[in-house]
Amino acid sequence: MKKLALIIFLSAFAITNIAQDKLAVAQKAIDKKDYKTAFNIAKELLDAGDANNASRFLIQLRALNYPDTKLYEYLGDAYAKMGVNELAVSNYEEAEKYDSLNVELKFKTAGILEKQKRYTDAVNKYLKIQSIDPKNAKAYLEASDILFRAKLYADAAKMYEKYLEVDKSKEAYYNITKAFYEARNWDKTYEYGTKALELYGEEPTISKYVATAALQLKKYEEAAKFYAQVPDSLLSVNELEIVGRAFQAINDNNTAMKYFEKVIKLDSTRSSIYFDLGNNFFREKKFEDAVKYYSAKAKADSTFEPAYRFMGFAYYQMGKNEDARINLLKSIQMNPKELMTNYFLAQVYKGLDSLDRAADVYKDIIDIIGNDESENKDKLLEANAFLASRAMQKKNYAGAIQYLNKVEKYKPSLDVYRMLASCYLSVGNNDAAINYAKRVLKINPKDADMKKILRVLSAD
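As numbered in this note's numbering, residues 1 to 460 make up the sequence shown, in order.
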């Protein structure tokens, strides 16, 4: 063991002495104006990692105007190894004056410029390399990466396109797809993304980019296809909703609903999407689909009255009066003064032949409208006409007169006059009966019923 330690010590001692001898030899060479020897030793020191001592001799040689064109490059290398980037760049650029077509030298300069965050200068240096060597893939890649990291996505994407011309690598396809995605160039995102997936197989992030691009391009089937390849973990709540809408656009409502359920599970405040989608289907007269979404909204938020209201409207349009009745009643329980809900409930009761219940609802409609007659004249006319008809069927002629007077106000007609004449005759108001009978006969002198009333009352 002691022998091994002694060997190591002696070896280190020998190496130190050799290094010190080299330094001494180099300095003596300079003193004797043997600059070539000093230059070679400086290069050896640099290659061995001793940038500090190498630079010491290279600086002296530079001051002596040593003519080797590599002097400035080696001095730049030494400064780069010591982390003195500004001096490294200045020496590299000086070296370029002697060898302007040296691509590797320009790569060194660009690398240091990038470390200094002088991104524009670095990119310009790579552009010079490209002008010298148009097939240099590394120059395109490095320039593209700088532009990408600087979030200059449109410029990065253009550079990646040039890179792809000389090196069609997986990384290049992925990077260019992401660059165009970030630049919101959907055509190019879709083009390169689909090519990447074709060449290298499924990759969830690229599938997400392609799906988003397809959606923006209104390629809904393609969007749905690629979104199906993206795990939920890569999608935000907003994106999950977007996926749902993509499937909805191709009428795959079952899949769409699954995504919307995920959205609501993550953010219960977003249950409004169910109602929005229900409204969309309602406007398109796809009432069965509308009911699905209104029902989902009601399930997510049982206090949201409009879901029941519009579900009732949709069921009514489908001819499902009992389902319509149930939902409209739930709506009215929460919002009793909503005119249209009551109006459709009246229609539903008529459809169910529950005419007394329809009459009750029409009375509510009249109360809800109140004095706002001008905006709701048609509904008031319908309500009073129905109530008058029901009263006459029940031989409640006094009640019928009350409603018929309103009907006459909104829309006078021969039929209304005839009914009023009959009702007034039935309640013993002979003067009024005669008045309305004469009105009818003035317009239609051949009306036998009205002539009979006048004859009965000796007014003919």
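The beta-carbon is built from N, C-alpha and C at its ideal position, and this holds for glycine as well.
Backbone CA spacing between residue 210 and residue 294 [nearest angstrom]: The residue you call residue 210 lines up with position 210 of the sequence shown. The residue you call residue 294 lines up with position 294 of the sequence shown. The alpha-carbon atoms of residue 210 and residue 294 are separated by roughly 32 Å.
Cutoff 6 Å; reference residue 222; Cβ partners in own chain excluding five residues on either side: Here residue 222 refers to the residue found at position 222 when the sequence shown is read from its first residue. 214, listed in sequence order.
Same chain, Cβ closer than 7 Å to residue 440, five either side skipped, listed in chain order: Taking the sequence shown and counting its residues from 1, the one referred to as residue 440 is at position 440. Correct list, in chain order: 414, 417, 418, 421, 447 and 450.
Residue 361 versus 379, 456 and 85, residue with shortest Cα-Cα distance: As a position in the sequence shown, residue 361 is number 361, starting the count at 1. Checking every option, the nearest Cα to that of residue 361 belongs to 379.
Contact under 8 Å by Cβ, residue 81 with residue 106: Locating residue 81 in the sequence shown gives position 81, where the first residue counts as 1. Locating residue 106 in the sequence shown gives position 106, where the first residue counts as 1. With contacts defined by Cβ atoms closer than 8 Å, residue 81 and residue 106 do not form a contacting pair.
Reduced DSSP category for residue 310 - H, G, I as helix; E, B as strand; rest coil: The count along the sequence shown starts at 1 and reaches residue 310 at position 310. Residue 310 falls in the helix class under three-state DSSP.
Inter-residue spacing [alpha-carbon to alpha-carbon] between residue 41 and residue 78: Numbered from its first residue, the sequence shown carries residue 41 at position 41. Numbered from its first residue, the sequence shown carries residue 78 at position 78. Those two C-alpha atoms are separated by around 14 Å.
Neighbour-count burial assignment, residue 248, 16 or more Cβ in a 10 Å radius: Start at 1 with the first residue of the sequence shown, and residue 248 comes out as number 248. Label assigned to residue 248: buried.
Segment limits, alpha helix (DSSP H) that includes residue 365: Mapped onto the sequence shown, residue 365 falls at position 365. Counting along the chain, the alpha helix (DSSP H) containing residue 365 begins and ends at 355-369.
Cβ pair residue 274, residue 296 closer than 8 Å: On the sequence shown, residue 274 is found 274 positions in, with the first residue counted as 1. On the sequence shown, residue 296 is found 296 positions in, with the first residue counted as 1. The Cβ atoms of residue 274 and residue 296 lie closer than 8 Å to each other.
Which of helix, strand or coil DSSP assigns to residue 69: Position 69 of the sequence shown, counted from the first residue, corresponds to residue 69. Residue state, collapsed to three classes: coil.
Residue 345 beta carbon less than 8 Å from that of residue 332: To locate residue 332, count along the sequence shown from 1; it is residue 332. To locate residue 345, count along the sequence shown from 1; it is residue 345. Result yes, Cβ atoms of residue 332 and residue 345 sit closer than 8 Å.
8 Å Cβ cutoff met for residue 444 and residue 407: The residue labelled residue 444 in the question sits at position 444 within the sequence shown. The residue labelled residue 407 in the question sits at position 407 within the sequence shown. No, they are not a contact pair.
Cβ shell of residue 437 (< 6 Å), same chain only, five flanking positions each side left out: As a position in the sequence shown, residue 437 is number 437, starting the count at 1. Within the same chain, residue 437 has close Cβ partners 421, 450, 453 and 454.
Ranges of the alpha helix (DSSP H) found wholly within the region 47-117, counting only runs of at least 4: 51-63, 71-82, 85-98 and 103-115
Proximity below 8 Å, CB of residue 426 to CB of residue 397: Position 426 of the sequence shown holds residue 426. Position 397 of the sequence shown holds residue 397. When the beta-carbon positions are compared, residue 426 and residue 397 come within less than 8 Å of each other.
Beta-carbon proximity of residue 267 to residue 237, cut-off 8 Å: Start at 1 with the first residue of the sequence shown, and residue 267 comes out as number 267. Start at 1 with the first residue of the sequence shown, and residue 237 comes out as number 237. Yes, Cβ-Cβ distance for residue 267 and residue 237 is below 8 Å.
Residues near residue 117 by beta carbon distance below 8 Å, same chain, minus five either side: In the sequence shown, the residue the question calls residue 117 occupies position 117. Within the same chain, residue 117 has no close Cβ partners at all.
Proximal residues to residue 75 (C-beta, below 6 Å), its chain only, five neighbours per side dropped: Mapped onto the sequence shown, residue 75 falls at position 75. Same-chain partners within the cutoff: 58 and 91.
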